[in-house]
Amino acid sequence: MNTTERLEKQELRHAKSGLGFGVVSGMTWGLSGVIMSIAFGMAPFTEGASLLVAPLVGAALHDGFAGFWVFLFNLFNGKWREYGRSLRTKPGLLVCLAAMFGGPIGMSGYMLGITLAGPSYALAITAIYPAIGAILSVVILKEKIGVRTWIGILLSIIGVAIVSWVPPDATSFPYFYAGIALAFLAAIGWGTEGVISGFGMDMVDPEVAVGIREATSFFVYLVAVIPLLLGVVGYQMLFGAFTTASIGVIAIAALLGGGSYICWYLAINKTGASRAMALNITYALWSVFFSWLLLGTQITPTLIIGGLTIVAGAVLVGANPKELINLRKV
Amino acid sequence: MAVLLPLRFRILHLMSTKEAGVTSAEIMQELGSDYGKEKQFKKKAMEGHLISMRALGLIEVETVSIDEKDELITSYKISEFGTGRLKFLPQAYK
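Dropping the structure here:
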């Protein structure tokens, strides 16, 4: 093997590790979501003054704890000084902007979408975020996306729609269309987050970017989302959670959530935002798997068909090694 | 010099000051006085940064060779695309 071949092999190994991080990000996000649903079945989240309080407070606590865990991680790997350095630069501030799109806009839209339109519609609609992200990554990051990758992204989205689809039941959702609109907002939020953070990570370490992202998101929930949308009841639930066992469950979910985010951002950095996002939405499949494993949820033929479609999509996304070596048209 | 840059940004900045390509060992030599005491400042991590930055188009491979220990030695230089990113540098580094 000559030197050029060895270099190419080294570069391909690096990009493939990014694909692996993408899959693990989906797996851990799915598990984190299942554990969050356990926390939402506990006090004080079952005593919400309105339907909106518990999901938003839960999301805030999740990001707060995730920020704490990621900071500990960065403390041990010697990157804690990078927080201040990054925040003094424009790329670091871009990561903060990405955090706002991902947390307060993306996550809140998702949570409110589930509440107002039901989980199946909300999940299916938010799963289009890799397509939005892929279009943005072509425009903003100049990413190269081949036909196979596009098909993979679309297959993954269709798979998520199949997995999350249940026929509309008798339960009425009086604010159904508002819920659908909010789920779209979440998809735009997450797609934008991946691309803006990808831009920032050209100059900021991915693991540090996640730490900044989680902390910024928590801060914005605390000073804007909770007071503006929930008021005093929001803070009551937030502080109330610390006196119950649910806080431990959220801390565990956030440990997985923070780990998931590190994997997602590393995947964006090593293998491109569009591929990372398409692999990240395999969380829909993983959450079904972990719900079956931990909560005894039934596996139906629809889930299997949807699951296989997601896997086929994910395989296509990583199928072209040539695309992995030069991620952008520059 | 002013407050230190994030390490990855500093690598890009360092390359913008060099005519010729630089290897990971040379970068570590040059930046050691500023970042050397930090746990993140390791050969493997540095190579990881460089491979990512190359795939993202910020830097280019100039030469590649194999040393006496049969290790791949790659020298990189900043690309035109990477030079564009320098507009985000704080004033003190411009």
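The listed protein sequences derive, respectively, from chains V and L. Residue numbers for the first sequence follow the working numbering, beginning at 2 and rising by one. Residue numbers for the second sequence follow the working numbering, beginning at 2 and rising by one. Heads up, the beta-carbon is just placed ideally off N, CA and C, and yes, glycines get one too. Because the structure is a prediction, the values reported are computed rather than measured.
How far does the beta strand (DSSP E) with residue i in it reach, from first residue to last?
| i | result |
| --- | --- |
| I67 of chain L | 60-67 |
Can you confirm whether residue i, when its beta carbon is compared against all beta carbons of chain L, has any partner nearer than 7 Å?
| i | result |
| --- | --- |
| N270 of chain V | yes |
| S157 of chain V | no |
| K91 of chain V | yes |
| R86 of chain V | yes |
| T4 of chain V | yes |
| L98 of chain V | no |
| K10 of chain V | no |
| L328 of chain V | yes |
| V196 of chain V | no |
| D206 of chain V | yes |
| R7 of chain V | yes |
| K17 of chain V | no |
| V71 of chain V | no |
| G192 of chain V | no |
| V331 of chain V | yes |
Tell me which residue opens and which closes the alpha helix (DSSP H) that residue i is part of.
| i | result |
| --- | --- |
| Y77 of chain L | No alpha helix (DSSP H) holds Y77 of chain L; the beta strand (DSSP E) holding it covers 73-79. |
| P105 of chain V | From DSSP, P105 of chain V is part of no alpha helix (DSSP H); its letter is neither H nor E. |
| P91 of chain L | Here P91 of chain L belongs to no alpha helix (DSSP H), and DSSP marks it neither H nor E. |
| F22 of chain V | 4-41 |
| L295 of chain V | It is not in any alpha helix (DSSP H) - L295 of chain V carries neither H nor E in the DSSP assignment. |
| I141 of chain V | 130-141 |
| W70 of chain V | 54-77 |
| E208 of chain V | 207-221 |
| M54 of chain L | 44-56 |
| Y266 of chain V | 247-272 |
| G85 of chain V | 82-88 |
| M238 of chain V | 233-242 |
| Y122 of chain V | 120-127 |
| Y200 of chain V | The sequence given here has Phe at residue 200 of chain V, not Tyr. Segment 177-201, the alpha helix (DSSP H) holding F200 of chain V. |
Counting only C-beta atoms, is residue i closer than 7 Å to chain V at any point?
| i | result |
| --- | --- |
| A93 of chain L | no |
| E31 of chain L | no |
| S53 of chain L | yes |
| V23 of chain L | no |
| A26 of chain L | no |
| L73 of chain L | yes |
| K44 of chain L | no |
| G37 of chain L | no |
| L87 of chain L | no |
| I67 of chain L | yes |
| L15 of chain L | no |
| K40 of chain L | yes |
What number of angstroms, rounded off, separates the C-alpha of residue i from the C-alpha of residue j?
| i | j | result |
| --- | --- | --- |
| K91 of chain V | Y36 of chain L | 21 Å |
| G147 of chain V | Y262 of chain V | 26 Å |
| T303 of chain V | S165 of chain V | 9 Å |
| L256 of chain V | Y266 of chain V | 16 Å |
| S112 of chain V | L137 of chain V | Per the sequence shown, residue 112 of chain V should be read as Met rather than Ser. Rounded to whole angstroms, M112 of chain V to L137 of chain V spans 24 Å at the Cα level. |
| K17 of chain V | P228 of chain V | 43 Å |
| F66 of chain V | G260 of chain V | 11 Å |
| E9 of chain V | I60 of chain L | 15 Å |
| V205 of chain V | L13 of chain L | 11 Å |
| V211 of chain V | K70 of chain L | 37 Å |
| I39 of chain V | V161 of chain V | 22 Å |
| A44 of chain V | S247 of chain V | 7 Å |
| L76 of chain V | R82 of chain V | 9 Å |
| M47 of chain L | Y222 of chain V | 35 Å |
| V23 of chain L | D64 of chain V | 39 Å |
| F200 of chain V | F177 of chain V | 35 Å |
| S33 of chain V | I52 of chain L | 31 Å |
| N3 of chain V | V65 of chain L | 10 Å |
| I133 of chain V | S34 of chain L | 43 Å |
| P56 of chain V | F41 of chain V | 8 Å |
| G79 of chain V | E208 of chain V | 11 Å |
| K38 of chain L | Y84 of chain V | 17 Å |
| G107 of chain V | L52 of chain V | 18 Å |
| I311 of chain V | L155 of chain V | 9 Å |
| V318 of chain V | R276 of chain V | 6 Å |
With DSSP collapsed to three states, give me the class of residue i.
| i | result |
| --- | --- |
| E39 of chain L | coil |
| E20 of chain L | coil |
| R329 of chain V | strand |
Check the C-beta distance from residue i over to residue j and give it rounded, since I have them as a contact under 8 Å.
| i | j | result |
| --- | --- | --- |
| S109 of chain V | A279 of chain V | About 23 Å; that fails the 8 Å criterion. |
| V62 of chain L | R89 of chain V | With a Cβ gap of about 31 Å, V62 of chain L and R89 of chain V do not count as contacting. |
| S80 of chain L | G49 of chain L | 18 Å between Cβ atoms; not a contact. |
| M202 of chain V | I126 of chain V | Wrong, their Cβ atoms sit about 27 Å apart, outside the cutoff. |
| A56 of chain L | E194 of chain V | With 8 Å as the limit, A56 of chain L and E194 of chain V do not qualify as a contact, their Cβ atoms being about 21 Å apart. |
| V35 of chain V | L296 of chain V | 7 Å |
| P131 of chain V | I282 of chain V | 6 Å |
Could you check whether the Cβ of residue i sits closer than 6 Å to any heavy atom belonging to the ligand ATP?
| i | result |
| --- | --- |
| A123 of chain V | The ligand ATP is not part of the structure shown, which contains no ligands of any sort. |
**Request:** With 9 Å as the limit, tell me which residues of the segment 224-243 of chain V have their beta carbon closer than that to any beta carbon of chain B; keep them in chain order.
**Result:** Judged by its chain identifiers, the structure shown contains no chain B, and its protein chains are V and L.
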